[in-house]
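Taken in order, the sequence shown gives residues 1122 to 1211; the numbers are from the working numbering.
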Amino acid sequence: AKIFGMFPKKGTIAVGTDADIVLFDANEKHTLSAATHHMNVDYSGYEGWEITGKVKTVLLRGKVAIDNNECKVEKGYGQFIKRSKVEDKI
(Lines of atoms letter the chains of each structure in order from A and count residues from 1; the text may use other names and numbers.)
(Lines give C-alpha, C1' and ligand atoms only; values in the text may rest on other atoms or scores of the structure.)
Protein backbone atom coordinates (compact mmCIF):
# COMPACT_ATOMS: atom_id res chain seq x y z
CA ALA A 1 0.00 0.00 0.00
CA LYS A 2 2.89 2.37 0.73
CA ILE A 3 4.55 1.76 -2.64
CA PHE A 4 1.25 2.42 -4.45
CA GLY A 5 0.54 5.61 -2.49
CA MET A 6 -2.49 4.20 -0.67
CA PHE A 7 -1.16 4.14 2.90
CA PRO A 8 -2.53 4.71 5.54
CA LYS A 9 -6.06 4.36 4.07
CA LYS A 10 -5.00 0.87 2.92
CA GLY A 11 -2.31 -1.49 4.17
CA THR A 12 -2.95 -1.39 7.90
CA ILE A 13 -5.58 -2.41 10.41
CA ALA A 14 -6.12 0.60 12.65
CA VAL A 15 -8.83 3.03 13.72
CA GLY A 16 -9.78 5.24 10.76
CA THR A 17 -8.54 2.87 8.04
CA ASP A 18 -10.72 0.88 5.64
CA ALA A 19 -10.48 -2.51 7.39
CA ASP A 20 -10.15 -4.40 4.09
CA ILE A 21 -9.29 -7.99 5.00
CA VAL A 22 -8.99 -11.19 2.94
CA LEU A 23 -9.39 -14.63 4.54
CA PHE A 24 -7.45 -17.12 2.45
CA ASP A 25 -7.25 -20.94 2.58
CA ALA A 26 -3.73 -21.74 1.39
CA ASN A 27 -4.51 -25.47 1.05
CA GLU A 28 -7.77 -25.51 -0.92
CA LYS A 29 -7.45 -26.60 -4.55
CA HIS A 30 -9.75 -25.19 -7.24
CA THR A 31 -9.97 -24.42 -10.96
CA LEU A 32 -9.95 -20.84 -12.23
CA SER A 33 -12.82 -19.81 -14.48
CA ALA A 34 -14.44 -16.57 -15.60
CA ALA A 35 -17.77 -18.22 -14.79
CA THR A 36 -16.94 -18.39 -11.08
CA HIS A 37 -15.09 -15.11 -10.62
CA HIS A 38 -16.61 -11.71 -9.95
CA MET A 39 -15.53 -9.89 -13.10
CA ASN A 40 -17.45 -8.08 -15.81
CA VAL A 41 -15.96 -10.27 -18.57
CA ASP A 42 -16.79 -13.67 -20.02
CA TYR A 43 -13.21 -14.92 -20.33
CA SER A 44 -10.08 -15.39 -18.25
CA GLY A 45 -6.49 -15.70 -19.36
CA TYR A 46 -6.20 -18.33 -16.62
CA GLU A 47 -9.29 -20.34 -17.61
CA GLY A 48 -8.96 -23.96 -16.53
CA TRP A 49 -5.83 -23.53 -14.43
CA GLU A 50 -5.87 -25.74 -11.36
CA ILE A 51 -4.32 -23.93 -8.41
CA THR A 52 -3.85 -24.33 -4.69
CA GLY A 53 -5.08 -21.49 -2.49
CA LYS A 54 -8.48 -19.82 -2.48
CA VAL A 55 -10.01 -16.65 -1.12
CA LYS A 56 -12.81 -17.59 1.26
CA THR A 57 -14.04 -14.22 2.57
CA VAL A 58 -13.38 -10.58 1.67
CA LEU A 59 -14.23 -7.71 3.99
CA LEU A 60 -14.38 -4.21 2.52
CA ARG A 61 -14.52 -1.32 4.98
CA GLY A 62 -15.43 -3.87 7.65
CA LYS A 63 -18.41 -5.32 5.72
CA VAL A 64 -18.48 -8.86 4.27
CA ALA A 65 -18.29 -8.35 0.49
CA ILE A 66 -17.54 -11.91 -0.67
CA ASP A 67 -18.27 -15.05 1.33
CA ASN A 68 -17.68 -18.54 -0.09
CA ASN A 69 -17.67 -17.15 -3.65
CA GLU A 70 -20.97 -15.27 -3.18
CA CYS A 71 -21.05 -11.50 -3.60
CA LYS A 72 -22.76 -9.88 -0.60
CA VAL A 73 -22.61 -6.20 -1.63
CA GLU A 74 -24.49 -4.21 -4.24
CA LYS A 75 -22.86 -3.14 -7.49
CA GLY A 76 -21.10 0.17 -6.90
CA TYR A 77 -20.12 -0.58 -3.28
CA GLY A 78 -16.46 0.05 -4.13
CA GLN A 79 -14.89 3.44 -3.57
CA PHE A 80 -12.22 5.30 -5.48
CA ILE A 81 -9.07 5.74 -3.41
CA LYS A 82 -7.01 8.74 -4.46
CA ARG A 83 -3.33 7.87 -4.43
CA SER A 84 -0.37 10.06 -3.71
CA LYS A 85 2.47 10.14 -6.21
CA VAL A 86 4.46 6.90 -6.17
CA GLU A 87 7.81 8.66 -6.31
CA ASP A 88 6.92 10.43 -3.04
CA LYS A 89 6.76 7.02 -1.31
CA ILE A 90 9.92 5.34 -2.61
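Just so you know, even glycine gets a beta-carbon here, dropped at the ideal spot from N, CA and C.
1) Grab the span of the beta strand (DSSP E) containing residue 1187 for me, first residue to last.
2) Which stretch, first to last residue, makes up the beta strand (DSSP E) that contains residue 1151?
3) With distances taken between CB atoms, is the gap from residue 1158 to residue 1187 smaller than 8 Å?
4) Measure the C-alpha to C-alpha separation of residue 1172 and residue 1146 and round it to an integer number of angstroms.
5) Which residue wins for smallest C-alpha separation from residue 1198, given the options 1205, 1177, 1190, 1185?
6) If you draw a straight line from the C-alpha of residue 1202 to the C-alpha of residue 1152, how long is it?
A quick look at the data gives this:
1) Here the question's residue 1187 lines up with position 66 in the sequence shown. Here the beta strand (DSSP E) through residue 1187 covers 1184-1188.
2) Locating residue 1151 in the sequence shown gives position 30, where the first residue counts as 1. Taken as a continuous stretch (DSSP letters only), the beta strand (DSSP E) holding residue 1151 covers 1142-1152.
3) Reading the sequence shown from its first residue, position 37 is the one you call residue 1158. Reading the sequence shown from its first residue, position 66 is the one you call residue 1187. No, these two residues do not count as a Cβ contact at 8 Å.
4) Translated into the one-based positions of the sequence shown, residue 1172 becomes position 51. Translated into the one-based positions of the sequence shown, residue 1146 becomes position 25. Approximately 12 Å, taken between the alpha carbons.
5) Position 77 of the sequence shown, counting from 1, holds the residue named residue 1198. Considering only alpha carbons, the answer is 1185.
6) The count along the sequence shown starts at 1 and reaches residue 1202 at position 81. The count along the sequence shown starts at 1 and reaches residue 1152 at position 31. Computed Cα separation, rounded: 31 Å.
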